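This report concerns only the one structure given below.
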Amino acid sequence: MKGSATVHLGDDTIYKVELHWYEAHGIGRKDFKIKRIIR
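All you need for this note's numbering is the position in the sequence shown, starting with 1, plus 1.
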């Protein structure tokens with residue numbers, strides 16, 4: 002699955018990014034990955 006979000010990284014920068022994640026049956030969203038930064 003994929004979506005977009007605003008994330009705050011450890012070096013105090015804020016980006017709008019494209020996220021991909023995996024879902025586990027009965028648990029929900031699991032293992033988010035930032036695929037790209039949207040400018």
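Ideal Cβ placement from N, Cα and C applies to all residues, glycine included.
Here the structure is a predicted model, which means the values were calculated and not measured.
Proximity winner among the options, relative to residue i (alpha-carbon distances)
{"i": "residue 30", "options": "38, 20, 36", "result": "20"}
{"i": "residue 22", "options": "33, 7, 8, 28", "result": "33"}
Whole-angstrom distance between residue j and residue i, CA atom to CA atom
{"i": "residue 38", "j": "residue 14", "result": "12 Å"}
{"i": "residue 40", "j": "residue 24", "result": "27 Å"}
{"i": "residue 2", "j": "residue 11", "result": "25 Å"}
{"i": "residue 26", "j": "residue 35", "result": "22 Å"}
Boundaries of the beta strand (DSSP E) in which residue i is found, first to last residue
{"i": "residue 30", "result": "29 to 39"}
{"i": "residue 7", "result": "3 to 9"}
{"i": "residue 21", "result": "15 to 25"}
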